[in-house]
Structures are given as C-alpha cells and as structure tokens.
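Presented below is the structure to which this report refers.
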Amino acid sequence: MSIEIARNVLMKARMIDPRLQVGSTEDEVAARIAAWADVFDGQPVWPREALEAVSDHYRKRNAFPIMPGDVVAYCAEQPPASSPEHLLWIFEKHVQHPWSTTIQELVGREIPELNPETYETWDKQFLIQKRREWLTANGSALAAEAIEKAERKALES
Numbered sequence: 081m082s083i084e085i086a087r088n089v090l091m092k093a094r095m096i097d098p099r100l101q102v103g104s105t106e107d108e109v110a111a112r113i114a115a116w117a118d119v120f121d122g123q124p125v126w127p128r129e130a131l132e133a134v135s136d137h138y139r140k141r142n143a144f145p146i147m148p149g150d151v152v153a154y155c156a157e158q159p160p161a162s163s164p165e166h167l168l169w170i171f172e173k174h175v176q177h178p179w180s181t182t183i184q185e186l187v188g189r190e191i192p193e194l195n196p197e198t199y200e201t202w203d204k205q206f207l208i209q210k211r212r213e214w215l216t217a218n219g220s221a222l223a224a225e226a227i228e229k230a231e232r233k234a235l236e237s
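Each residue of the sequence shown is one higher than the one before, starting from 81 at the first, in our numbering.
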C-alpha cells in the first residue's frame, strides 16, 4: 500500500509544484516512488490523509517542495476518525490488548464481542484471536459508525 500512496502523493504534488523532481525516466520515477514508500512503510500513513497532506502543505505561502516526512507528520496529527483506514489501523493496534476499551470509546458504545468478560477464559491469546476474528468481519462497519459519531459530535460543538 505504501507504493500506491507514494505514487499518488508524488503525482498530486508534481501537478501543484513544478519544482518537485520526480524523475525523467520510468526507472527514475519508480526509484523515487520506492524511496518515498520506504519512508512511509511502518508509519501511520493512510491514502486520504496523505493526499490531504499535499493540499495542506501547498496552501502555505511560499511552501518548499513537500518531503515524505511532511506527509508522515501530517498523517500523525489527524484524529482517528479522519478516514476508515485510520480507524482500521487503530483497531488492529488495539486488537492486541484484550482489556483495552479504545475501540468501544471510538465507536461510542459497548461491544460485547470485544469485552473479555464475554468469554469463559482469560487466556490472552484466545481473547486476541476472538477480537481479531470479530474485527475482521465487522471492522469496516465499526469504522463507519465511529466516523458518524465523530461527525455528529463535531456538529454539536
């Protein structure tokens, strides 16, 4: 996914900023994309937020050409409900912690399938596996629910 994000970010930035050097041959372009993707790998960078980072960067007066670290920093500053991909990333992080209530807090309701007290065992690996299975089947719907909750909250404030 990092390659796709890097390609899209570089192409958008190049359309805005002719100073940005992407490369003049296919090999140079591929190498530049791969280098940016390498910076993005393992970082909290999601497709929507990465493209928003480009727009945000170039809204600044006299902006320098964007760098991959600018994209990483922008993405890291975004709230969890900034995109479904961001939420799914957070869900995956918290699936490892059976007693964490972060997912329920983001969604705004109790989720019995994520509560360790629902099961008759307190074996951590078993609970992680159950959480992972349930989130694999229901993660997208939960992300949509969390985004809706965040949008409602924003409208109320």
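Glycine included, every Cβ here is placed at the ideal spot set by N, Cα and C. Every value quoted in this text rests on a predicted model; they were computed, and no experiment measured them.
Just the Cα atoms here: how many angstroms apart are residue i and residue j?
i	j	result
SER162	LYS233	13 Å
PRO159	GLU225	15 Å
HIS166	VAL151	14 Å
SER104	LYS140	27 Å
ALA115	GLU157	23 Å
ASP136	ALA153	12 Å
PRO196	LYS204	9 Å
PHE206	THR198	12 Å
TRP202	ALA217	22 Å
SER237	GLU106	49 Å
HIS177	PRO98	46 Å
GLU200	LEU235	41 Å
In its own chain, which residues sit with a C-beta less than 8 Å from the C-beta of residue i, not counting the 5 before and 5 after it?
i	result
SER180	HIS174
ARG212	VAL175
LEU168	GLY219, SER220 and ALA223
GLU231	ALA161
THR182	ILE170 and HIS174
Closer than 7 Å by C-beta to residue i: which residues in its own chain qualify, once you throw out the five before and the five after it? Chain order, please.
i	result
GLN184	GLU190, ILE191 and LEU194
LEU215	PHE171 and VAL175
GLU129	TYR154, CYS155, GLN158, SER162, SER163 and HIS166
ALA143	HIS137
VAL102	LEU90, ARG94, VAL109 and ARG112
Give every residue of the same chain whose Cβ lies closer than 6 Å to the Cβ of residue i, excluding the five residues on either side of it in the sequence, and list them in chain order.
i	result
SER82	ALA117, PHE120 and ASP121
ALA93	LEU100, VAL134 and ILE146
LYS229	GLY188
GLN123	VAL152
Within this structure, are the beta carbons of residue i and residue j separated by less than 8 Å?
i	j	result
PRO164	ILE85	no
PRO148	ASN88	no
LEU131	ARG112	no
ILE170	TYR138	no
VAL109	CYS155	no
- Kindly provide the ranges of any beta strand (DSSP E) runs that are 3 or more residues long and lie completely inside the segment 82-123, ordered along the chain. none
- Query: For the segment 121-194, which segments carrying the beta strand (DSSP E) assignment without a break, of at least 3 residues, lie completely within its bounds, in sequence order?
  - Reply: none
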